[in-house]
Every structure is written in structure tokens, then in C-alpha cells.
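Worksheet: the structure to be examined is printed underneath.
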DNA sequence: TGGCCATTCCCCAGAAATGGGGAGTTTCAA
DNA sequence: TTGAAACTCCCCATTTCTGGGGAATGGCCA
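Residue numbers (the working numbering), protein chains in the order written: chain A, 815 to 1085; chain B, 815 to 1085.
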């Protein structure tokens, strides 16, 4: 907490001195938020920060969550929010994690969207309309949702909502895009979703080449032809790569390489 | 709790905009950009818009790389950029499909990141370091990359880079997050990406069970013991799952299952 | 009822992967 | 100059995967 405050103050001083004049306040706000969430040491602290900036942006509520059915899922899932308790109870009772219309719409986008656009993004079923009506009943009037997706992880989003009778100002939505993404990233860090491992194994270029082709379904022999090396050499690279990751087969090898960024899904799914 | 937020509350611009005065310029810029890209009618027009705002943000170069529907349909990928031609030539010549380190790192994040953070995000091989050195040679000094992911559909990123000898202003990075996301969304719209991929193969429960254990490195025999079924049955489930995804081995099977959410890294990397 | 699907089980043969060993050259940095 | 790491190649034996057949059961739905 003290630490977080210090960062905020330092950041402001640093930003101002750097450009030598008053920074546009909204950017200063965003930057301070960025530094504060990076320094946040607990989920509770993060929640406080998001709550504060939510109000700064003219919203009343926020909800940052993985789109999973918390009751049923074995996944460790993130959920931080200040929505009304009735809504959370209803949400969990109905198992809306994956079927909530706002969540479904966010699966189609990388950019944030206002809830008024829901009807254009997805087909609203009768149940969806009930869910929306219900949300208005508990005080969630209008909102804006920022998707947060990372390949291989549960989908997520960060929503901001107004209280009944209030509207938000569209001028601030660009900032909401950043705030939502930064908040999600911080939550992910604090939840240990993909901790940065300093002992991450190092692969040689050739090892990575071989994994790349293996992930695309090539046999070691095919890889050797593609790379212009001997069959045994390709096998050797795969052996050494498995040893470094401490795994026993190429499936796990590919998954580990995907997980720590040695490979991408774009690489692996190419035809 | 609002502690440490005093510095935010005194935001003069916020107060001003609430009472109807002129918007802070930077927000006006962002909003104008949002409206302009939504209205853009061609890739060329979109490129011009991104170029303009790139310079406003204190960068010199941008590159929006769009990977459309990698696995299934053969839609052309979008690449819009104003990088030096030497760089594009180098990349097309040397790339050979293996993605550059910036792209790899972007697959691990939902939030933008400065290139200086690359070494923390992923393991850099010798070749990666050469690529980075090469990029500096052609004038791409430092940069910031905004990831853009949409589940099951397309992946990409939008990067902003400074010219040699220049630095960007960190105050503008929150805006870059929005600009990158909005530009990507626009590119996606202009490329005519279909909104919903409903062609995902359906897996039976048992097939998913078998893939789950296979992704964790188990042999079919081990899986059969875990699930209490016969060895041949486990083999049969894997066969059918491969057939449905149209892949030829378990490595690709696991990758596809991860990619479309039938599995997550949390599942696959459990000890 | 008949068709579809999920689930279970069985056979075979060839291809591929895995684990164990060893060894030479080059490159780069200490 | 020395050493570490990368890259290359080779041998062996065993396990595992893959693709090709076929078949019985039970549930669900039109």
C-alpha cells in the first residue's frame, strides 16, 4: 500500500519533469494507474485501484473476470468486482460464466464495446434478454466491456458499468480500453496465471526449429529434410530439447514451447 | 478505499470535461481516431490514419500484422506498416515462417509491452538477438507492441517504433493500447473476417479426457489405466479425435485442443 | 422403430518415437 | 588458449503411435 502510493507519486513527478509541462491529466491518470497496478501486491489492493479509476472514468461498477463457471471449473479463475451481491449470486446460480451475453460478445472482439452494441454482436436469445433485464434490475444500467484474451488461457474481460440513471462519457472509452487491459494483466500476474520463470530452459535455434516443425505435425525425418540435416540430427535436437524441458514426449515439448513463447499458435497451426 | 487517489481526484481536465468544456486534446485525438478508423473504407486509408496517429504519439513507425484464420480458411493475412523496406525484405527473406521475438512475446500478453521487456517475456536465442540487432540497423530503435487476440479466430499485433536516436514518451502508451486495438479491429473488419467460427469440431467427453491425459504426456496405455477403460478404447478415442480435427498426430491434436479452448495450459501443464 | 452417436472392445502391421550409447567440427567468449 | 555450447552424425533396442479393418452395447430422438 505504502509502496503503491510511493510509486504513484514518483510516477507523477517523473512524468511531469520529463515533458516539462503539465501532462494532459487523463494520460497522467492512466499512467499513474499503470504504475500502481504494476506495483500492486495483492488482489485486494488491485481491486481498490480499479474501483478508484472506475469512478474517475464516470462509471460506478467494474467486474474483471475469467469467463468460467466458477462452481464447476477446475481452473483457478480470476474474479474481482464491485457488482451488487445479488448479481453475483444470480450469476453463479445460473452458471453464466460462459453464457453471459456480454461475455459471449467479448469472445468475438479484441476491442472494447458498449453494451448497447450487444444486439449487433450476437444473436440475443430470450434468455439473454432476461439476463440483461435482470442486470438492469440490480442496478447495472449501461456498460462497456474490454475483452482480454490470451491463446491457451480462459477467456476474460473487464467491464465497467454505470448505476441506473447515469450515463458514461464516450470520450473516456479509449482510456477504459487501457485500464481494462492493464487491470486484467495485473490480476493475471497476482493470480500467478503464467508466472515468469527465470529458470525457463534455453533452447538453441536448431532445437526450436525442430520443435516448430514437430508442432506442425512433421515427423523427425520430414523435419530433417526441411532443415537439410540428417535424420539422426533432428532426433538429437528433439532429445536435447526434451531433456531441457524435462518432458518425455513431443506433445509436452510443443505445449511447453507454446507456453513460454518459444512457439506461437500461429506457427503451430500453419498449414 | 480511495487512499492514494488524491492525486487523481484533482484532475482538472476531468472536472472540465464534466462541465462541458473542451476535451483534453489527447482524448479528442483518440476519439477522432476511433471514429475515423470505424469509417475507413480501405486498407490504404486505414494505414494513413494509423501513420498519422503514430506520429502524434511520438513514434515514427507502425506495423499491424494480422493473421487471419490461420488453421481453417485461407484468407489473406493483412500486413499494414510503414517500416523501412529493407526490414520487410529482410524479414520475408530470412523469416521462413518462424516468427520474430516481438510476435512471440505478444502471444503471451493481453497488454502492450515495450520491446525492452522482450528478454523477460521470452527466451531469446542467438537468432532472435540477430533479428533484434538487424532491426536496429534499419532504423527501428525502440518500440511498443499491442497484442490482439480473438479466440479461435485470428491473432495479431500492432507495433509502434521510434526512429534511431529517439525515445517515445511513456505517457502516451495508454493511448497506444487503444490505438493498436482499434486499428486491429478495423483491419479485421476491412479484411472481412467472418465473425463467428462455428466450425469447431465437437469432441465427445471421452475424447476430451484422452486428449487431456495425452497433453500431459501420458501414453494411450496409461490413459486407459487412468480412465479405467481398455487400451484399445483409448486408442480409438484418440483416432476419432484426430479425425475430427483433421490432424495426423497427438501433438497437433493437443495444440488444436488448446487453441480452441477444449484444453487450457493449466490442464496441460499440471504436474 | 430405425438411425445416429457415444462408448466400449478387438485384431494386425508398419511407421515413428524414445532412450541409451558415442564422436567429430565450429563458434564464441573468457 | 581453453572450454562451453551449438551443431552435426552414427549405432542399437524397445516402446508407442498410427491407420486399416470390424463389432457389440446403450441412449436419444424423430
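C-beta atoms are modelled at their ideal positions from N, C-alpha and C, and glycine is treated no differently.
Excluding sequence positions up to five before and after residue 992 of chain B, its CB lies within less than 7 Å of the CB of 844, all in the same chain and listed in chain order. Collapsing the DSSP output to three states places residue 952 of chain A in coil. The Cβ of residue 945 of chain B sits no closer than 8 Å to any Cβ of chain A.
Assigned with DSSP and collapsed to three states, residue 1022 of chain A falls in helix. The three-state secondary structure of residue 981 of chain B, taken from DSSP, is coil.
The beta-carbon of residue 1019 of chain B is placed no less than 8 Å from the nearest beta-carbon of chain A. In this structure, the straight-line span from the alpha carbon of residue 929 of chain B to that of residue 960 of chain B is close to 11 Å. Contact annotation: the segment 951–966 of chain B touches the segment 922–941 of chain B, with at least three C-beta pairs closer than 8 Å. For the pair residue 946 of chain A and residue 935 of chain A, the Cα-to-Cα distance works out to about 15 Å. Under the 8 Å criterion on CB atoms, residue 1081 of chain A is classed as interfacial with respect to chain B. For the pair residue 848 of chain A and residue 996 of chain A, the CB atoms are nearer than the 8 Å cut-off.
For residue 892 of chain B, the uninterrupted beta strand (DSSP E) run begins and ends at 892–895, by DSSP.
Looking at A/941, A/994 and A/891, the one whose alpha-carbon comes closest to that of residue 867 of chain A is A/994. Here residue 1022 of chain A is buried. Its C-beta has 16 or more other C-beta atoms within 10 Å. A Cβ of chain A is located within less than 8 Å of the beta carbon of residue 941 of chain B. Judged by DSSP in its simplified three-state form, residue 992 of chain B adopts helix. Three or more beta-carbon pairs separated by less than 8 Å are not found between the segment 998–1016 of chain A and the segment 1042–1053 of chain A, which leaves the two stretches without contact. Closest in C-alpha terms to residue 854 of chain A, from the list A/1003, A/1011, A/953 and A/985, comes A/1003. Across the set B/1078, B/842 and B/971, the C-alpha of B/971 shows the shortest separation from the C-alpha of residue 876 of chain B.
Scanning chain B for C-beta atoms nearer than 7 Å to the C-beta of residue 1036 of chain A yields nothing, as the closest lies near 11 Å away. If you check each beta-carbon in the segment 1059–1081 of chain A against every beta-carbon of chain B, the ones closer than 9 Å belong to 1061, 1062, 1063, 1064, 1065, 1066, 1067, 1068, 1069, 1070, 1072, 1073, 1074, 1075, 1076, 1077, 1078, 1079, 1080 and 1081.
When 8 Å is used as the limit between beta carbons, residue 1031 of chain B is near these residues of chain A: 1061, 1062, 1063, 1065 and 1066, in chain order.
Its Cα nearest to that of residue 1079 of chain A, the residue B/965 stands out among B/952, B/846 and B/965. The beta carbon of residue 987 of chain B lies closer than 7 Å to those of 926 and 958 in the same chain, with the five residues before and after it left out. Secondary structure of residue 976 of chain B (DSSP, three-state): strand. In this structure, the alpha-carbon of residue 872 of chain A lies about 10 Å from that of residue 984 of chain A.
Listed in chain order, the non-local C-beta contacts of residue 870 of chain B below 8 Å within the same chain comprise 843, local neighbours out to five positions each way being set aside. Boundaries of the beta strand (DSSP E) harbouring residue 876 of chain A: 875–880, taken from the DSSP string. When the Cα atoms are used, residue 982 of chain A and residue 1067 of chain B turn out to be separated by approximately 45 Å.
For residue 1004 of chain B, the nearest beta carbon of chain A is not closer than 8 Å to its own beta carbon. By the neighbour-count criterion, in which 16 or more other beta carbons inside 10 Å mark a residue as buried, residue 967 of chain B falls on the buried side. Between residue 869 of chain B and chain A, the shortest Cβ-Cβ separation is not below 8 Å.
Taking a 10 Å sphere around the C-beta of residue 1035 of chain A, we find fewer than 16 other C-beta atoms and assign the residue as exposed. Using a Cβ distance threshold of 8 Å, residue 979 of chain A and residue 918 of chain B do not count as a contacting pair.
The Cβ of residue 973 of chain B sits no closer than 8 Å to any Cβ of chain A. Among the residues facing chain B, residue 856 of chain A is not included, as its CB has no counterpart in that chain under 8 Å away.
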